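Participant: Dumping the structure here so I can ask a few things about it.
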Amino acid sequence: MGLKTGEGSGPNLGLVCITQSDAVRYRALTRKRLLQFDANEQRRVLRELYADNLSRLNGALDFCVARGLRLYRMTSGLFPFADDDAGAPVHEEMAEEIARTGLRATELGIRLVLHPDQFVVLSSDSPMVVANSVKILETHARVFDMLRQPRSPWALM
């Protein structure tokens with residue numbers, strides 16, 4: 047089977063976000079907690095959180111390789127607040143590190159996919175909910191681009 051193309055027959059197993067154990071877990075941050083800091087401290091906190099979560103994503107890739115898993119469904123909370131003024135600049139500053147991780151996944155033959163969280167509702171009657179859903183999906187698409195994943199069903203969202 048072509049690892050990078052999905053050619054061949056038979057099912058491929060994958061890991062969904064986290065493990066039952068602490069082997070693959072991610073850090074989170076609430077908006078309330080983030081807003082307790084001034085702008086400079088927010089950037090520092092987010093930089094630390096993003097770097098740690100990126101390290102944990104690399105750990106998830108290691109976990110998958112060790113178990114012969116060729117698909118990893120990333121958490122939608124990998125880079126909290128990357129879609130707003132607090133997180134977007136920090137996220138962009140980490141472009142090289144993020145690209146290295148995505149290219150590593152490709153080299154390992156691990157397909158990265160993502161399932162948006164439950165707040166993404168494009169069919170909502172509320173224009174505000176639809177607008178926020180589009181914003182979230184655009185951020186996820188930017189993450190895939192930064193991970194250097196192909197714009198194809200291989201990198202499914």
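Residue numbers (this note's numbering): 47 to 203. Cβ coordinates follow ideal geometry from the N, Cα and C atoms, glycine included. Predicted model only: the values in this text are computed from it and were never measured.
Taking C-beta to C-beta, are residue 61 and residue 109 nearer than 8 Å?
Facilitator: Their beta carbons are under 8 Å apart, which means residue 61 touches residue 109 by this criterion.
Participant: Should residue 198 be flagged as near chain B, meaning a C-beta pair shorter than 8 Å?
Facilitator: Of the chains in the structure shown, none is chain B; there is only one protein chain.
Participant: May I ask you to report which of helix, strand or coil DSSP gives residue 119?
Facilitator: In this structure, residue 119 counts as strand in the three-state DSSP scheme.
Participant: Per DSSP, which residues does residue 93 bridge with? Please list them.
Facilitator: DSSP lists no partner for residue 93.
Participant: I'd like to confirm the pairing. Which residues does DSSP put opposite residue 159 in its beta bridges?
Facilitator: The partner list for residue 159 (beta bridge, DSSP) reads 119.
Participant: Pick helix, strand or coil for residue 167, following the three-state DSSP scheme.
Facilitator: Residue state, collapsed to three classes: coil.
Participant: Should the stretch 161-171 be called in touch with the stretch 127-138, which here means at least 3 C-beta pairs below 8 Å?
Facilitator: Touching, no, given that fewer than three Cβ pairs across the two stretches are closer than 8 Å.
Participant: Does DSSP put residue 62 in a helix, in a strand, or in coil?
Facilitator: Three-state DSSP puts residue 62 in a strand.
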